[in-house]
């Protein structure tokens, strides 16, 4: 995992796909897009069920999060505003599942290699297995007791 995070920063950015289920709320969120670890920015198409269902696209940078919402174009004229589908807001990973995913993506890089021994000492952390996900070979790794990553392009690197 330490090598993956450092390698990601060296690559500076990546295309990504995320599929997340938030068991506590029943939300399901899928995102597909690009991100830049150096600039802490990215953009993705979003498909969601639950609280984030109206969000169809998201872009983020250090200044905040832009989200395209399918419900705004109809609602804003009722309040005297021009119809628009984008809003700018601060990143809020405490209350927004979508923002927690963005934070996880941004934390998949590091400016210097983490101490692999310290990662191994985090209770529950382990390399679990190789697997195939949508036709791509991936390494399955667990960090701590609850976070599992399926990472492509890590074997032998």
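Numbering (the numbering used here), first residue to last: 1305 to 1461. C-beta: ideal position from N, C-alpha, C; glycine also.
Distance from residue 1376 to residue 1391 at the Cβ level is roughly 7 Å; contact confirmed, criterion being Cβ atoms closer than 8 Å. Beta-carbon to beta-carbon, residue 1449 and residue 1427 are separated by about 7 Å, close enough to satisfy the 8 Å threshold. In this model, residue 1419 and residue 1355 are separated by some 37 Å (Cα to Cα). For residue 1353, same chain residues with a beta-carbon under 7 Å away, outside a window of 5 residues either side, are 1331, 1332 in chain order. The stretch 1326-1403 is shown to contain whole alpha helix (DSSP H) runs of 4 or more residues at 1376-1379, in chain order.
In the DSSP secondary-structure assignment, residue 1437 is bridged to 1440. Contact between residue 1340 and residue 1367 is ruled out by a C-beta separation of about 14 Å, above the 8 Å threshold. In this structure, 1453 is the residue among 1453, 1371, 1364 with its C-alpha nearest to the C-alpha of residue 1430.
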